[in-house]
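Beneath this line is the structure, given in structure tokens, with notes to follow.
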Amino acid sequence: MANKINSRSLEHGKDFLCTLPALVLIVIFTYYPIMRLIHISFTDWNLLNDNFKYVGFKNWKWLFTGSGTKYLLNSLRVTFLYSLGELAITILGGLILALILNSNALGFNSMRAIVFMPKYVAMSSAAVVFLWILNTDNGILNYFLSLFGVAKIDWLGNKNTALISVLMLTGWRAVGYGMIIYLAAIRGISKDYYEAAELDGASYFQRLFKITLPMLSPTTLFLFVTTFLASMKVFQSVDILTGGGPYRSTEVFVYKIYSYAMEDFRMDRASVMALFFFFILLVVTASTMKVSSGKVNYDA
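Just so you know, we're using our numbering here: the sequence shown kicks off at 1 and counts up by one.
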């Protein structure tokens with residue numbers, strides 16, 4: 001009996017040693033930064049001054065009831081609008097393209113590859129190209145629009161079009177990803193459902209809304225969660241294309257955190273906003289999973 005217990009303890013010890021490196025990395029790169037953020041949020045730490053003191057909830061009051069509130073609300077509004085745009089492009093655009101290109105006919109493989117290819121282009125490289133495409137005076141987009149008599153548009157310098165311009169870049173890269181995920185899911189649906197529906201005389205749209213879309217609900221949930229999390233963390237495209245402007249019209253949440261930390265050197269304020277941002281992501285993701293529970297069809 002003692003030998004069995006010792007053998008079991010030895011096996012558990014080996015298992016623990018195998019997982020220990022991963023646990024150490026998780027603590028160092030996940031839990032420690034969160035605890036550090038919490039610590040900094042209660043100080044007045046400025047990167048220009050090594051000395052700091054504890055200020056209690058002063059930074060939190062600044063964010064929710066002080067001068068920081070207007071910047072918080074603006075960044076939330078801009079990020080929310082951007083997220084809606086990226087979700088629509090990835091989910092709706094990806095679904096439409098998947099339905100259109102779901103064929104093995106000649107040329108369709110090449111078309112799918114062309115649509116998906118932008119996903120492999122680095123965001124920084126793509127953003128630099130779009131700077132030229134959207135240039136007011138020499139951009140190719142304004143050139144083509146001028147052929148139809150449309151006046152020059154300051155895509156990146158106008159607060160009404162700047163966020164749309166950022167979404168153009170996002171859509172170009174994201175729609176192919178949504179398409180390929182939906183395409184794989186569509187081809188995984190059993191053909192028995194469609195054959196039975198055809199025998200009953202169901203039209204294409206009846207098959208689409210009664211079979212295809214319900215069967216794609218797990219894929220839609222997956223795309224919603226992953227795209228939402230990615231859209232909330234958008235930074236690089238905004239930084240290169242607009243720098244948060246004009247008039248803060250593209251100042252998304254992560255860019256505002258970066259601005260406080262690296263431009264204003266206010267790590268205390270950046271930490272408070274980062275913690276609040278972390279809380280938002282947790283709440284929205286958990287709420288989405290809760291609401292979708294029982295409404296997602298996993299029977300393919």
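Here a beta-carbon is modelled for each residue, glycine too, at the ideal position from N, C-alpha and C.
Listed in chain order, the alpha helix (DSSP H) elements of length 4 or more contained wholly in the region 95 to 151 are 108 to 116, 123 to 133, 140 to 146. In the three-state reduction of the DSSP assignment, Y247 falls in the coil class.
Fully enclosed beta strand (DSSP E) runs of no fewer than 3 residues are not present anywhere in the region 18 to 94. Counting every other CB atom within 10 Å of its CB across the protein chains shown gives T219 a total of 16 or more, marking it as buried. Taking 8 Å as the cut-off, the beta carbon of V78 is found closer than this to the beta carbon of L163.
Between S124 and I240, the C-beta gap is smaller than 8 Å, which places the two residues in contact.
Note that the region 212 to 229 does not touch the region 112 to 119; fewer than 3 beta-carbon pairs, one per stretch, sit closer than 8 Å. Fewer than three pairs of CB atoms, one per stretch, sit closer than 8 Å, so the region 205 to 215 makes no contact with the region 129 to 145. Rounded to whole angstroms, L87 and L221 show a C-alpha spacing of 11 Å. According to the DSSP assignment, T285 belongs to the alpha helix (DSSP H) that extends over 267 to 292. The Cβ atoms of L275 and L37 sit closer than 8 Å to each other.
Judged by their CB atoms, F253 and S75 are nearer to each other than the 8 Å cut-off. With a 10 Å radius around the Cβ and a threshold of 16 neighbouring Cβ atoms, A174 comes out buried. Exposed is the label assigned to M289, since fewer than 16 other Cβ atoms lie within 10 Å of its Cβ. With respect to the 8 Å criterion, L47 and M267 are classified as neighbours on the basis of their beta carbons.
DSSP places Y260 outside any alpha helix (DSSP H), giving it a letter other than H or E.
If you draw a 10 Å sphere on the C-beta of Y204, you find fewer than 16 other C-beta atoms in it, and that means exposed.
Excluding five sequence positions before and after Y260, the CB atoms of its chain that fall closer than 7 Å to its own CB belong to R266, R269, A270, M273, given in chain order. In chain order, L99 place their CB closer than 8 Å to the CB of L208, counting only its own chain and leaving out the 5 sequence neighbours on each side.
For L167, the uninterrupted alpha helix (DSSP H) run begins and ends at 162 to 187, by DSSP. With a beta-carbon spacing of about 6 Å, N102 and I186 fall inside the 8 Å limit used to define contacts.
For F228, the uninterrupted alpha helix (DSSP H) run begins and ends at 217 to 232, by DSSP. If the five residues before and after G93 are omitted, its C-beta is found closer than 6 Å to the C-beta atoms of V175, all from its own chain and listed in chain order.
Annotation: the continuous alpha helix (DSSP H) that includes S237 extends over 236 to 241. By a beta-carbon distance limit of 8 Å, P118 does not contact W155. Their separation comes to about 19 Å.
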